[in-house]
Amino acid sequence: MGHLDHAAFGWLTPALSYVMACIGAALGLRCTVRALATTGRSRRNWLLTAASAIGTGIWTMHFVAMLGFRVSGTDIRYDVPLTILSLVVAMVVVSVGVFVVGHSRDRNRALLLGGLTTGLGVASMHYLGMAAVRIHGDVTYDPVFVGLSVLIAVVAATVALWAGLNIKSPLAVTLASLVMGAAVSSMHYTGMFAVGVRVTPSGEVLPGATAMQFIFPLAVGLGSFLFLTCAFVALSPTAGEREASASAQRPVQGTAG
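If you're matching positions, the sequence shown starts at 9 in my numbering and goes up one per residue.
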């Protein structure tokens, strides 16, 4: 059995991955709040932004954490198509969950359905990402920890969608995002504790890309997307601010007429 190290750089990767999960959660919640205050195309656009932020945050969290993953006795490579597929899955399933909740009239049923769908999708993203790992040897999983990680993913997703529907103030969103970030990180590391490795020493070159060749640049790019989107959301006027601005302009327009 190979020795597994989940934090080869110390607390750097766990802490940074938690920060990315929190940013994605906070941004997704703020966008969902904006979406529920609008209708039509504007609601759709805000929901898409929310789904992109949450999906990107979850995926970036996972692979930033994976930068610290090491197995003694073998190199590690990542299958590029599978890794990209895990990102697509994260985006799609989060979008389904967000849109189900954002457009449904029966919020309770939508919350349960959206939470289950999104949670299973997040777990699928995690294990697709793990399926992309290439080592000299075999990877096995403890079914108990796998089941626990899936359960955490479903609960975390349901709580996230509930927060999007019920939490409005910036302070509450901040606190909720910290809790959601902790839940997503817990799901990841629970899933990682399920991993067992049987190393078969070999001199052959593993297929795929190293974490620094592929994962790191992609994570930096997606992290930049999150920060830029944060700036966009922060600078965009809310529905209330637009209405107040329009009301302030009406008397001026009436006088000019």
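Ideal Cβ placement from N, Cα and C applies to all residues, glycine included. Predicted model, so just to flag it, every value in this text is computed and none were measured.
Suppose you measure from the CA of residue i to the CA of residue j; what does that come to, to the nearest Å?
{"i": "residue 102", "j": "residue 205", "result": "30 Å"}
{"i": "residue 139", "j": "residue 50", "result": "37 Å"}
{"i": "residue 26", "j": "residue 190", "result": "7 Å"}
{"i": "residue 233", "j": "residue 143", "result": "31 Å"}
{"i": "residue 60", "j": "residue 105", "result": "12 Å"}
{"i": "residue 47", "j": "residue 220", "result": "43 Å"}
{"i": "residue 249", "j": "residue 45", "result": "Note that residue 249 scores 49 on pLDDT, short of 50, meaning its location in the model is unreliable; the coordinates nonetheless yield the value given after this. Their backbone Cα atoms lie some 12 Å apart in a straight line."}
{"i": "residue 91", "j": "residue 16", "result": "21 Å"}
{"i": "residue 95", "j": "residue 218", "result": "17 Å"}
{"i": "residue 193", "j": "residue 187", "result": "10 Å"}
{"i": "residue 98", "j": "residue 55", "result": "15 Å"}
{"i": "residue 238", "j": "residue 135", "result": "28 Å"}
{"i": "residue 39", "j": "residue 150", "result": "37 Å"}
{"i": "residue 84", "j": "residue 29", "result": "24 Å"}
{"i": "residue 11", "j": "residue 35", "result": "37 Å"}
{"i": "residue 176", "j": "residue 133", "result": "29 Å"}
{"i": "residue 88", "j": "residue 236", "result": "26 Å"}
{"i": "residue 64", "j": "residue 100", "result": "11 Å"}
{"i": "residue 145", "j": "residue 208", "result": "5 Å"}
{"i": "residue 41", "j": "residue 172", "result": "6 Å"}
{"i": "residue 168", "j": "residue 62", "result": "10 Å"}
{"i": "residue 215", "j": "residue 86", "result": "8 Å"}
{"i": "residue 81", "j": "residue 130", "result": "30 Å"}
{"i": "residue 53", "j": "residue 111", "result": "13 Å"}
{"i": "residue 74", "j": "residue 21", "result": "8 Å"}
{"i": "residue 195", "j": "residue 33", "result": "15 Å"}
{"i": "residue 108", "j": "residue 115", "result": "9 Å"}
{"i": "residue 174", "j": "residue 37", "result": "10 Å"}
{"i": "residue 226", "j": "residue 14", "result": "20 Å"}
If you count every other CB in all the chains shown that lies within 10 Å of the CB of residue i, and 16 or more means buried, which is it?
{"i": "residue 179", "result": "exposed"}
{"i": "residue 19", "result": "exposed"}
{"i": "residue 118", "result": "buried"}
{"i": "residue 228", "result": "exposed"}
{"i": "residue 184", "result": "buried"}
{"i": "residue 77", "result": "buried"}
{"i": "residue 148", "result": "exposed"}
{"i": "residue 152", "result": "exposed"}
{"i": "residue 113", "result": "exposed"}
{"i": "residue 72", "result": "buried"}
{"i": "residue 213", "result": "exposed"}
{"i": "residue 240", "result": "exposed"}
{"i": "residue 57", "result": "buried"}
{"i": "residue 231", "result": "buried"}
{"i": "residue 211", "result": "exposed"}
Check whether the Cβ of residue i lies closer than 8 Å to any heavy atom of the ligand MN, and answer yes or no.
{"i": "residue 241", "result": "Of the ligands one can find in the structure shown there are none, so the ligand MN has no counterpart to examine."}
Give me the DSSP bridge partner(s) of residue i.
{"i": "residue 148", "result": "204"}
{"i": "residue 86", "result": "141 and 217"}
{"i": "residue 12", "result": "79"}
Contact criterion: CB-CB distance below 9 Å. Does residue i meet it with respect to chain B?
{"i": "residue 39", "result": "No chain B is part of this structure, which consists of one protein chain only."}
Assess contact between the region 62-75 and the region 23-43, defined as three or more Cβ pairs (one per stretch) separated by less than 8 Å. Is contact present? yes
message = Taking 8 Å as the cut-off, does the region 191-200 touch the region 145-164 (at least 3 CB pairs, one atom from each stretch)?
response = yes
- prompt: Does the region 119-137 come close enough to the region 160-180 that 3 or more CB-CB pairs lie under 8 Å?
  reply: yes
Point to revise | alpha helix (DSSP H) segments (min. 4 residues) lying fully within the region 24-107 | key: 48-74
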